[in-house]
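Quick notes on the structure that follows.
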Amino acid sequence: MSGSRRPLDAPEAPAISTACVAPNRDATWDVLAEHINDLIILSDLSGAIFYASPSCRNFGYSQHELVGRSAADFMHPDDLDDTSQDEALLDADARGQSSRRERRFRRKDGTWVWLEGNPSTLEGAPGAPVGRLNIFRDVTERRAVRERLIESEHHYRLIAEHATDMISQTSCADGRLTYLSPSVERVTGYAPAELVGQRMQDLVHPEDLANFVAAFDGLINERRERGRPIRFRTQHKNGAWIWLESNPRLVRGPNGELTDIVDVTRDVGEREALEARLREALTEAEKSAQVKTEFLANMSHEIRTPLTAVLGFTGLLAERDDLPGEARGQVDRIAGAGRALLAIVNDVLDFSKLEAGQVTITPSPTDTARAAREVLEMFEPQAEAKGLELRFEARSDLPARVWVDAGRLRQILVNLIGNAVKFTEHGTVAVRLEYEAQGEVLVAEIADTGPGIAAGARDKLFE
Numbered sequence: 001m002s003g004s005r006r007p008l009d010a011p012e013a014p015a016i017s018t019a020c021v022a023p024n025r026d027a028t029w030d031v032l033a034e035h036i037n038d039l040i041i042l043s044d045l046s047g048a049i050f051y052a053s054p055s056c057r058n059f060g061y062s063q064h065e066l067v068g069r070s071a072a073d074f075m076h077p078d079d080l081d082d083t084s085q086d087e088a089l090l091d092a093d094a095r096g097q098s099s100r101r102e103r104r105f106r107r108k109d110g111t112w113v114w115l116e117g118n119p120s121t122l123e124g125a126p127g128a129p130v131g132r133l134n135i136f137r138d139v140t141e142r143r144a145v146r147e148r149l150i151e152s153e154h155h156y157r158l159i160a161e162h163a164t165d166m167i168s169q170t171s172c173a174d175g176r177l178t179y180l181s182p183s184v185e186r187v188t189g190y191a192p193a194e195l196v197g198q199r200m201q202d203l204v205h206p207e208d209l210a211n212f213v214a215a216f217d218g219l220i221n222e223r224r225e226r227g228r229p230i231r232f233r234t235q236h237k238n239g240a241w242i243w244l245e246s247n248p249r250l251v252r253g254p255n256g257e258l259t260d261i262v263d264v265t266r267d268v269g270e271r272e273a274l275e276a277r278l279r280e281a282l283t284e285a286e287k288s289a290q291v292k293t294e295f296l297a298n299m300s301h302e303i304r305t306p307l308t309a310v311l312g313f314t315g316l317l318a319e320r321d322d323l324p325g326e327a328r329g330q331v332d333r334i335a336g337a338g339r340a341l342l343a344i345v346n347d348v349l350d351f352s353k354l355e356a357g358q359v360t361i362t363p364s365p366t367d368t369a370r371a372a373r374e375v376l377e378m379f380e381p382q383a384e385a386k387g388l389e390l391r392f393e394a395r396s397d398l399p400a401r402v403w404v405d406a407g408r409l410r411q412i413l414v415n416l417i418g419n420a421v422k423f424t425e426h427g428t429v430a431v432r433l434e435y436e437a438q439g440e441v442l443v444a445e446i447a448d449t450g451p452g453i454a455a456g457a458r459d460k461l462f463e
């Protein structure tokens, strides 16, 4: 229990001597004792209790049940060893010392509570001790909270010491590290004690410093609870630079003020190396695609030159007046097929333009009915081999000329009619053209008696 000094929160009692045993003790003392929740115990030199305040009822006892007994009778066996310190209070040299201690006491119902004792010496004649005064306060709840905090801290330390990621704590005031988990040595080669007290930004690679500082300053200035992941390089103890990824979080004090940044940092060297290899592979793939595109463009130009000559001579041949009717029809088919082949060659060139964003639409007054018939004529040999009927229908509202890109129109018709002929085994492939004047829209319909296009593929027709 402790010396004669009383804490500020202990009740002041009048001077007490052995006269307290008398029935006419100070009435003020009785009034105070009646209204104090702390348990006041007076005992003689042998330890026998001769006074217990009325608050003993909080523990299930009446006053007369305590008088005549020793406090040790109610104390937990594991705490009895502390009673030797109470005896020391009787020594003249120890009477001015404070000795607050927590011990377990048994309630009348058998349960145990933690009481904090604040003992002092009772003096009779000057310098002569006659007993002890002890004021007990129930601290069971406070102790439970403290034990939970200790257990929580123990769990935190246990996690931090066994985590593979580094856990750090940095002061918001000066940016210096105040804690590092043991895993820092596995990752960086440094023991925690070697880095605690340093500023984290002093350990960052110069090329990553600006981004690192901006991220942490933004976290503090914007008062966000969590920051975005930050990837940076720091130097290993062996001199090598290693990649780390940080996930900082703000910690606030009891009044909401920013105190620290807790960070979980992991080694992402392998991931960074993998991403670097992927970037290199992507670069190589893009280079390869560029080479392929250039090759296709050059090849298309090479094919288009003789094809243009073929179409030119076909046109000259078609202008002759001495051609038989059957031969003229064959020349027209050659010309139509040549134009379709030229459109395909132009498609290949368009792929290279697509990557450069240079594809253009070039509309001109076009005889759309003739364009559709020419495409159909291209597929007559295939249709005849399968016994299919190719049919063209032009609605009455179709103008003689429509302002469209003739090449793009042929591309679309070649693809759709080609598929229709390819997948239709019996029946008809029909092409229908109509013009919607109100919206200035040319509508081309290709209908066949084949299996049709799967519902899931229809949305991809014009991609």
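Numbering (the numbering used here), first residue to last: 1 to 463. The beta carbon of each residue, even a glycine, is placed where N, CA and C say it ideally should be.
query                                                                                                   : result
Buried/exposed call for Trp241, threshold 16 Cβ in 10 Å                                                 : exposed
Collapsed DSSP secondary structure at Asp202 in the structure displayed                                 : helix
Where the beta strand (DSSP E) containing Glu102 begins and where it ends                               : 101-106
Leu342 beta carbon less than 9 Å from that of Leu316                                                    : no
For Thr368, the first and last residue of its enclosing alpha helix (DSSP H)                            : 368-378
Supposed close pair Leu388, Glu434 - CB separation, criterion 8 Å                                       : So it is not a contact: roughly 23 Å between Cβ atoms.
8 Å CB neighbourhood of Val268 in its chain, flanking five on each side removed                         : Arg231, Trp243, Leu244, Glu245
For Val187 and Leu90, the rounded distance between their alpha carbons                                  : Because Leu90 sits at a pLDDT of 46, beneath the cut-off of 50, its placement in the model cannot be relied upon, and the point is left open.
Best match in Phe216, Gly336, Met166, Ala215 for proximity to Val192 [C-alpha to C-alpha]               : In the sequence as displayed, the identity of residue 192 is Pro instead of Val. For the residues Phe216, Gly336, Met166, Ala215, the minimum Cα distance to Pro192 belongs to Met166.
Assigned exposure category for Leu416 - 16 Cβ within 10 Å defines buried                                : buried
For Ala454 and Leu461, the rounded distance between their alpha carbons                                 : 11 Å
Whether Phe392 touches Val421 by CB criterion (9 Å)                                                     : no
At least three beta-carbon pairs within less than 8 Å, the region 264-284 to the region 215-224         : no
Per DSSP, the bridge partner or partners of Asp44                                                       : Gly131
Euclidean distance between Cα positions of Thr234 and Val251                                            : 24 Å
Close Cβ partners of Ala430 (< 6 Å) along its chain, the five nearest in sequence each way excluded     : Arg391, Ala447
Under 9 Å between C-beta atoms of Pro381 and Phe423                                                     : no
Whole runs of the alpha helix (DSSP H) within the region 223-265, excluding any shorter than 4 residues : none
Chain D contact for Ile40 (CB, 9 Å cutoff)                                                              : No chain D appears in the structure shown, which is made up of a single protein chain.
When Arg142, Gly336, Pro363 are compared against Leu442, the one with the closest alpha-carbon          : Pro363
Spatial distance of Leu323 from Thr366 (CA atoms)                                                       : 27 Å
Counterpart residues of Ile167 in DSSP-defined beta bridges                                             : Val264
Member of Gly338, Asp321, Ala285 whose CA lies at the smallest distance from the CA of Asn306           : Checking the sequence shown, residue 306 turns out to be Pro, not Asn. Per the Cα distances, Gly338.
CB of Asp485 within 9 Å of CB of Ile361, strictly                                                       : There is simply no residue 485 to check, as the chain begins at 1 and stops at 463 in what is shown.
For Val310, three-class secondary structure by DSSP                                                     : helix
Environment of Gly42 [buried if 16+ CB atoms lie within 10 Å]                                           : Before going further, note that residue 42 is Leu rather than Gly in the sequence given. Leu42 should be labelled buried.
Burial state of Val291, where buried means 16 or more other Cβ atoms lie within 10 Å                    : exposed
Distance CB(Arg333)-CB(Glu302) smaller than 9 Å                                                         : no
Beta-carbon spacing of Ala33, Ser55 below 9 Å                                                           : yes
Straight-line gap, Ala483 to Val402 (C-alpha atoms, nearest Å)                                          : This structure cannot speak to residue 483, because the chain is shown only from 1 to 463.
Run of the alpha helix (DSSP H) containing Phe464, from where it starts to where it stops               : Outside the displayed range of the chain (1 to 463) lies residue 464, so it cannot be described from this structure.
Buried or exposed by the 16-neighbour rule on C-beta atoms within 10 Å, applied to Ala457               : exposed
Residues bridged to Asp448 (per DSSP)                                                                   : Val429
Check: Asp138 C-beta below 8 Å from any heavy atom of the ligand GTP                                    : No copy of the ligand GTP appears in this structure; indeed no ligand is present at all.
Status (buried if at least 16 other CB within 10 Å, exposed otherwise) for Leu274                       : exposed
Identity of the residue in Asn346, Leu177, Gly325, Glu326 nearest Asp263 by Cα                          : Leu177
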